[in-house]
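Protein chains in written order, with this note's numbering: chain F, -3 to 458; chain A, -3 to 458.
Encoded as structure tokens, the structure appears first; notes follow it.
2 protein chains.
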Amino acid sequence: MAEHKGKCIVVGGGPVGTLTAVFLGRRGFHVDLYEARSDIRSAENVSGRSINLALSVRGLSALKHGGIEERIRSIGIPMHSRYIHTDKGSYTIPYGKKGQYLLSTDRLELNRQLLSVAEKSENVNLYFEHKLVNCDTRIPSATFQKAGSEITKTGDVLIGCDGAYSAVRRQMLKGRMDFSQFYIEHGYKELCIPPTADGEYAMPPNHLHIWPRHEYMLIALPNLDKSFTCTLFMPFSKYEKIVTGNDVIDFFNVNFNDVVPLIGDSLLRTSFFELPPLPLVTVKCSPFHHGKTALLLGDAAHAVVPFYGQGLNAGLEDALIFDGLVDKFGCDFEQIVPKFSEVRVKAAHAIADLSLYNYMEMRSHVATPWFLLRKKVDGFLNFLFPSSFIPRYSMVTFTRIPYDQALKRAKVQDKIVDNGIIIAGGLMLTAIAFAAYKTDWKSFDLSNLTLDRVIEKAKHLW
Amino acid sequence: MAEHKGKCIVVGGGPVGTLTAVFLGRRGFHVDLYEARSDIRSAENVSGRSINLALSVRGLSALKHGGIEERIRSIGIPMHSRYIHTDKGSYTIPYGKKGQYLLSTDRLELNRQLLSVAEKSENVNLYFEHKLVNCDTRIPSATFQKAGSEITKTGDVLIGCDGAYSAVRRQMLKGRMDFSQFYIEHGYKELCIPPTADGEYAMPPNHLHIWPRHEYMLIALPNLDKSFTCTLFMPFSKYEKIVTGNDVIDFFNVNFNDVVPLIGDSLLRTSFFELPPLPLVTVKCSPFHHGKTALLLGDAAHAVVPFYGQGLNAGLEDALIFDGLVDKFGCDFEQIVPKFSEVRVKAAHAIADLSLYNYMEMRSHVATPWFLLRKKVDGFLNFLFPSSFIPRYSMVTFTRIPYDQALKRAKVQDKIVDNGIIIAGGLMLTAIAFAAYKTDWKSFDLSNLTLDRVIEKAKHLW
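Shown next as structure tokens:
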């Protein structure tokens, strides 16, 4: 495998760029990977801009292909269910079948491990503190700024894995590329629930904790050090009204009453203001390539809101799919690059839409009995028809069915199940009414009982 | 009016930027206008990137407010109707009522006139060959490159009127702004139909000539020098197949047979390859401002495809609406700037969608009897109810009803008219069938006559 087939320039040393470099290096390409920041393995403070990470089947499949799935599993914490905290109490909703779980993973540690694997690959060179200032997607070439001076590199393919605010993409946008960026009104802020005084988890650890409050939402994922990383999602307009420590405490007392003792009054007062709330963007592009030898992967091609936990999973799956194309087409990047757009654009658009949909679901729906009933019916149908009926969440999270196909199948299933539940409910009510009518008809006024009213009532009740 | 109220930086010396500068100067603001290109009034060759221009009520209202409507009318040519060229012959379809027309105008000449007006304004300074390299929307300030050196200017408001590929917008996009750019598969290419040998127009001049060919479309607008400027719209994939002069002639002979003698064989062969086909982009943003003192106007805020002839009309209307807000709120740009987004974003999104819709309509629908019938019914209803029923095209072109309201009203009207025509047609057919049945029932098989079939048949016939 040592023979060099061609030269690849990878921009961005996050998990997607690094894994892509590992794959290409393993296939005998010479890979130069450029990262704007310094090496996170030696840096002391890394700005915590990332929402903590729930790896699932797509991401884990890619890591397995890279030979480091086991290593990552050993540093992750399985989360088998959602742990819903409501005003009235708490309950859990499993994510899938027995044995299916999300893996709460330290994003930085994952990145560090991948960088170390890449570094060991004889064909991969890592260059840190190289900031992309320009690129020419036709050659392709890329110009980086390093300690004040500029260097230009050319290669056979240029792969932009430089995230949601991709500099490679900014250059590509000058060409004929469809593109949209869309911000939701919510911003996020990370907080920390430390271990208890006796060094234990403050809440059950094998869950993703959710405090759904319709307009706001708080989630918490467990860390290996027995802390939880919390993320608050709230409209920017609301953040602006919280300006003092007392405002924070008041806000939490009203909305997330049970969280205040877990974080601790004084930590909450101070840590809330450490960073400003950060925006959440959805990015769609089409195609993902420009010319025939420049390509975007990961968030650079499709940034999504974090509510399906699929952002990085989709990015790592990109690397896996890309490697599949390299396997199929060999060194012919002029075939591989357009082909990647062909097979991946629709899927990326679908996960963007699914993630926005789940933003509503997590904030509001999970707190309704209707949601619980749906999950139970979904689970039952999946038990009866394991291959033909797979709940939407499971298709996205626990299979590698392309996202767009998952979305399409889910829409059909939704219709069937919703109508089924409503009709079953309606029939049941009618049967009860009929039985009552046979028994003592005078006490029942059936004049207003239409199916529409039954459905309406049923939806309100749930 | 000579007292200086504040300093405005306008980026872009096209018609929108120049008219905005004129308006602001007249209200006593100090205005610095920066244009990247050299002064088009002295330049010999100006690259012809612009589709020729059909001014209508919105643009003309803005020019009137600027005091130069009459001057522009004197250099324009009224186009009262579409002149449709089909394989089988030609016919005209009026744009509106008697006296309503589009004004075919030389875009460069309009720009020249506006620059001269701006130059005479004592509060406006024009700076050419100043290319924006950076701006800070919070101060606001803008840095320009002029002959190798950079200069930075600060002001009270920064207005980006620098077109569909706006450099001001590129800076704003780094903030939290929703944005999309979307390319249609068609590119355009301008050609020229010269005057005839005896110096006359080669076709009737008071029309917008259209050769609708479904996948392709050719249009022609009259110029003062008795030539026509033609624009060909065609998928890029098709352009790629036309590589020699013979290919051009073959293509025109098959598709635009009657145009070949008008342009002339040899001119067509050469001029076709003078410039590559150019892309057509739709740009949507929301909001149009960043911070409280930086704002986009015109194509920078909302580029649309040219099929409704509204691109520049919408841009000039921006300037008019902006001046209305300045009139209302005085020097308070922190109020004016967000207010402009509030009143204008929806309208801009609507004209983008309307323009894409008209792309279908011009290529295909105008060539169908259904379209002709619709126009006649629309005209009749407008005659009966002049203020409550205004055809979509007329609302967009001959009124200043906000585009989004026009779109909403048009959707309701469309439903009424389409259903009305279909029901009337169905009733008529039924009546005929019934009459025939009464006369000689044996010769009629009515067993398959359902309303659905009648409608289906009617739609196919038209």
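Glycine included, every Cβ here is placed at the ideal spot set by N, Cα and C.
Within-8 Å CB hit, residue i to chain F
| i | result |
| --- | --- |
| A/Y355 | no |
| A/P275 | yes |
| A/R165 | no |
| A/R45 | Legend: pLDDT at A/R45 = 49, less than 50; position of this residue unreliable, no value from coordinates given. |
Beta-carbon gap between residue i and residue j smaller than 8 Å
| i | j | result |
| --- | --- | --- |
| A/H182 | A/Y30 | no |
| F/T148 | F/A290 | no |
| A/C157 | A/V12 | yes |
| F/H298 | F/A310 | yes |
| A/G159 | A/P136 | no |
| F/P334 | F/M173 | no |
| A/K170 | A/Y197 | no |
| A/S57 | A/M75 | no |
| F/I5 | F/A143 | no |
| F/S390 | F/G92 | yes |
| F/N121 | F/F25 | no |
| A/L403 | A/L350 | yes |
| F/P201 | F/P218 | yes |
| A/A363 | A/I155 | no |
| F/R108 | F/I36 | yes |
| F/Q306 | F/V392 | yes |
| A/L59 | A/L98 | no |
Distance cut-off 7 Å: residue i Cβ against heavy atoms of the ligand SAH
| i | result |
| --- | --- |
| A/P74 | Only the bare structure without any ligand can be found here, which leaves the ligand SAH out of the picture. |
Residue-chain proximity (residue i, chain A), Cβ-Cβ < 8 Å
| i | result |
| --- | --- |
| F/F394 | no |
| F/D174 | yes |
| F/Q141 | no |
| F/M(-3) | Bear in mind that a pLDDT of 43 at F/M(-3), under 50, signals an unreliable position, so the number given afterwards is only what the model happens to contain. Closer than 8 Å: no. |
| F/W458 | Note that F/W458 has pLDDT 45, beneath the 50 cutoff, so the model's placement of it is unreliable and the number below is only indicative. With 8 Å as the cut-off, F/W458 does not count as an interface residue toward chain A. |
Listed by chain order, chain F residues near residue i by CB distance under 7 Å
| i | result |
| --- | --- |
| A/F318 | Residues of chain F passing the Cβ test: none, with the nearest at roughly 25 Å. |
Residues that residue i contacts on chain A, provided the C-beta gap is smaller than 9 Å
| i | result |
| --- | --- |
| F/Y179 | R172, M173 and D174 |
- Item | At least 3 beta-carbon pairs within less than 8 Å: the segment 395 to 404 of chain F vs the segment 341 to 361 of chain F | Output reads yes: the segment 341 to 361 of chain F touches the segment 395 to 404 of chain F.
Could you name the residues of the segment 201 to 226 of chain F whose beta carbon sits closer than 9 Å to any beta carbon of chain A, in the order they occur along the chain?
So the list is empty, because no residue satisfies the distance condition.
Taking contact to mean 3 or more Cβ pairs, one atom from each stretch, closer than 8 Å, check whether the segment 355 to 369 of chain A and the segment 57 to 71 of chain A are in contact.
No: the two stretches stay apart, fewer than three of their Cβ pairs being nearer than 8 Å.
Quick one: any contact between the segment 347 to 356 of chain A and the segment 15 to 25 of chain A, if contact means 3 or more CB pairs under 8 Å?
Because the criterion of three Cβ pairs below 8 Å is not met, the segment 347 to 356 of chain A and the segment 15 to 25 of chain A do not touch.
Report yes or no: do the segment 152 to 166 of chain A and the segment 266 to 274 of chain A share at least 3 C-beta pairs separated by less than 8 Å?
They do not touch, by the three-pair rule.
Touching or not, the segment 220 to 229 of chain A and the segment 185 to 192 of chain A, by the rule of three or more beta carbon pairs under 8 Å? These segments touch.
At least 3 beta-carbon pairs within less than 8 Å: the segment 416 to 429 of chain F vs the segment 380 to 395 of chain F: No: fewer than three Cβ pairs fall under 8 Å.
Quiz item: Using 8 Å as the threshold, is the segment 192 to 210 of chain F in touch with the segment 241 to 258 of chain F, meaning 3 or more CB pairs across them?
Solution: Segments in contact, yes.
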